[in-house]
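For the sequence shown, my numbering assigns the number 1 to the initial residue and increments by one for each residue that follows.
By construction, the Cβ of each residue, glycine as well, lies at the ideal position given by its N, Cα and C atoms.
Comments concern the structure below.
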Amino acid sequence: MRAIWKGALTFGLVNVPVKVYAATEDHDVSLHQVHNKDGGRIRYQRVCEIDGEVVPYQDIDKAFDDGDKTVVLTKDDLASLPAERSREIDVVEFVPSEQVDLLTLDRAYYLEPDSASPKAYVLLRKTLEQTDRTAIVRFSLRQKTRLAALRVRGDVLVLQTLLWADEVREANFPALDESVRISAKELELSASLVESFASDFDPEEFTDEYQAELRTLIQAKLEKGDAVDTAETFGEQEEDAGGEVIDLMAALRASVERSRAARAGGADEKTKDAAPEKSARSKSPSGSGSKTAPKAKAKAKSSKPAEKKRASKAS
């Protein structure tokens with residue numbers, strides 16, 4: 001596992017340096033969207049609604065819209081918030097474990113001691129075990145202040161984020177306000193039925209049957225040759241969060257195609273600069289509901305046939 005965060009547990013004068021790891025992972029089969037006619041990959045791009053340009057990740061800021069005005073928050077603005085700079089997991093209180101509502105539990109993280117001696121870590125773990133208490137803590141992760149429960153799982157301290165009180169809905173069902181009469185016999189029969197299903201829970205006894213069948217289906221189609229060439233149908237790879245091209249081969253392939261198109265059409269420098277821009281705009285727009293501006297559409301319509309052919313192949 002790779003640590004996603006480093007900090008320190010603090011309570012009173014005690015400071016426990018720790019590394020934070022995601023405690024769960026998703027094993028679902030990753031599926032992409034493709035064009036049903038030719039198997040071409042469907043791409044979602046970050047398109048500016050004002051100029052129609054595809055915007056690289058590093059040029060994107062965040063904003064708040066109150067319905068009338070939009071407040072743009074730059075990366076520096078967000079970094080100036082105290083919570084963003086904090087590297088401490090502050091213990092607020094220790095509560096009886098049964099008082100933590102399971103409905104409020106969210107994501108789970110493992111904490112590993114990050115000091116020369118794990119003594120302080122082990123001391124806190126043993127104290128929580130003996131007192132049957134859970135520590136309620138506050139910390140910052142990914143630009144958000146979190147509330148979390150710190151508890152023990154085996155020999156490891158587990159940090160489980162909690163939903164804020166206003167994020168949990170109240171169940172208000174009028175039907176449950178009615179008085180219902182249940183006889184002793186009905187209750188006895190119901191308890192007998194429950195007892196017939198009684199068992200000890202072992203999560204390894206359960207499997208995701210849908211995912212298993214999906215993997216079997218995919219393998220069968222591969223063995224039959226019922227598949228398309230990824231390099232030909234998926235085109236260029238998308239950029240990652242850092243704005244760098246993920247697949248080097250895709251970048252090289254795009255460069256070769258651009259060079260060939262320029263030589264074949266005798267394009268000048270202006271046309272060369274417009275070609276990658278035309279290719280980017282010909283892909284599907286962002287899934288956030290943004291659309292390419294009319295100006296961008298008009299420009300795409302006037303591109304040369306050679307450029308259209310290359311852009312169609314890339315998408």
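Item	Value
How would you label Y57, buried or exposed, when you count the other beta carbons within 10 angstroms and need 16 or more for buried?	exposed
Note the first and the last residue of the continuous alpha helix (DSSP H) segment covering T127.	119-131
Let me confirm a value: F139 is counted as buried when at least 16 other C-beta atoms fall within 10 Å, else exposed. Which label applies?	buried
Exposed or buried, S312, counting other C-beta atoms within 10 Å across all chains shown (16 or more means buried)?	The predicted position of S312 is uncertain, since its pLDDT is 43 and thus under 50; a value taken from the coordinates is nonetheless stated next. The residue is exposed, with fewer than 16 neighbouring Cβ atoms inside 10 Å.
With hydrogens ignored, establish whether the beta-carbon of A220 is closer than 8 Å to any heavy atom of the ligand MG.	The ligand MG is not part of this structure, which contains no ligands at all.
Inspect the beta-carbon positions of V29 and L214 and report whether they are closer than 9 Å.	yes
For V137, which residues from the same chain have a beta carbon less than 8 Å from its beta carbon, with the 5 sequence-adjacent residues on both sides left out?	L9, I89, D90, V91, V92, L147, A148, A149, L150, L159
Straight-line CA distance for L31 to I42?	12 Å
Determine the burial state of Y210: buried for a count of at least 16 other Cβ atoms within 10 Å of its Cβ, exposed for fewer.	exposed
Using the Cβ count rule (16 or more neighbours within 10 Å means buried), how would you classify V14?	exposed
Using 10 angstroms around the beta-carbon of V168, count the other beta-carbons present and answer buried if the total reaches 16, otherwise exposed.	exposed
Taking the beta carbon of R87 as the centre, do at least 16 other beta carbons fall within 10 Å, making it buried, or is it exposed?	exposed
Given P17, which residues of its chain have a CB within under 6 Å of its CB, disregarding the five upstream and five downstream residues?	A8, D114, S115
Label T127 either buried or exposed according to how many other C-beta atoms from any shown protein chain fall within 10 Å of its C-beta, with 16 as the threshold for buried.	exposed
Report the rounded CA-to-CA distance for F197 versus L189, giving the unit in angstroms.	13 Å
Round the Cβ separation of L73 and D61 to the nearest angstrom and send it over; I've been treating them as touching at under 8 Å.	6 Å
What is the rounded straight-line gap between the Cα of P203 and the Cα of L162?	23 Å
Report the three-state DSSP secondary structure of K37 (helix, strand or coil).	coil
Between the C-alpha atoms of F11 and R125, what's the straight-line distance to the nearest angstrom?	13 Å
For my contact list, A191 and A108 are in at a C-beta cut-off of 8 Å; report their separation, rounded to the angstrom.	The pair is not a contact, with the Cβ atoms about 33 Å apart (cut-off 8 Å).
Select from V156, D38, E178, I218 the residue whose C-alpha is nearest the C-alpha of V122.	V156
Judging by CA-CA distance, which residue of K6, V54, R2 is the nearest neighbour of E25?	R2
Going by the CB atoms, is the gap between L105 and V20 shorter than 9 Å?	no
Going by CA-CA distance only, name the one from T233, K144, G39 that's closest to S80.	K144
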